[in-house]
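**Q** In my numbering, the protein residues as written are 141 to 293.
To start, I am sharing the structure in question, which I have written as structure tokens.
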């Protein structure tokens, strides 16, 4: 069974409600399915490690995006115009995953996901909201277990 780890930012009144919200989202979300989900770590917004962890997770997502862009550039696809000649296969799958990361669709490659804003990043507005009411925000690390390692669509 394959294991995929994700950190998810969620707004909730308690740790338990945060987990329930995440579970409900994943149960309904058609682009990602897990046979089993484990909650492995939770940080509340007022935890001293919360913001360092949050910014580190966003940096990881940025690095994943840069890596996909580098892969495309190394194969000669450096501009949007170059993409018209992109063959279907491995490179088009990289582009597909890259666009999911940029447009806010959660997938197996989403190391960090902001469930509040449906994004792989956090806006300045939401950062300020977390700073105002840190007790209402949670970073939750999950492990998703799946027999299927490919997206459903």
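Glycine is no exception: its CB is placed at the ideal position from the N, C-alpha and C atoms.
What is the rounded straight-line gap between the Cα of residue 292 and the Cα of residue 167?
**A** Unreliable positioning characterises residue 292 in this predicted model, as indicated by a pLDDT of 48, which lies under 50. A coordinate reading is not provided.
**Q** What does the alpha-carbon distance come out to for the pair residue 281 and residue 148?
**A** Approximately 6 Å, taken between the alpha carbons.
**Q** What residue from 250, 245 and 178 has the CA that sits closest to residue 202's CA?
**A** The shortest C-alpha separation from residue 202 is found at 250.
**Q** Please go through the same chain and pick out, in chain order, the residues whose beta-carbon is closer than 7 Å to the beta-carbon of residue 198, but skip the five residues on each side of it.
**A** Taken in chain order, the residues that qualify are 252, 261 and 262.
**Q** Excluding five sequence neighbours on each side, which residues of the same chain lie with their C-beta closer than 7 Å to the C-beta of residue 193?
**A** For residue 193, where only same-chain residues beyond five positions count, the Cβ hits under 7 Å are 183 and 279.
**Q** Any chance the CB of residue 232 is under 7 Å from a heavy atom of the ligand MN?
**A** The ligand MN is not part of the structure shown, which contains no ligands of any sort.
**Q** Note down the Cα distance separating residue 161 from residue 151, rounded to an integer number of angstroms.
**A** Taking the straight line from one Cα to the other gives about 9 Å.
**Q** Let me know the alpha helix (DSSP H) ranges lying completely inside the stretch 200-248, each 4 residues or longer, listed in chain order.
**A** Counting whole runs of 4 or more residues, the stretch 200-248 contains the alpha helix (DSSP H) stretches 230-243.
**Q** Can you tell me whether DSSP reads residue 268 as helix, strand or coil?
**A** Three-state result, residue 268: helix.
**Q** Out of 176, 236, 225 and 155, which has the shortest C-alpha to C-alpha gap to residue 283?
**A** Nearest of 176, 236, 225 and 155 to residue 283, Cα basis: 176.
**Q** Mind checking which residues open and close the alpha helix (DSSP H) that includes residue 161?
**A** Its alpha helix (DSSP H) spans residues 155-168.
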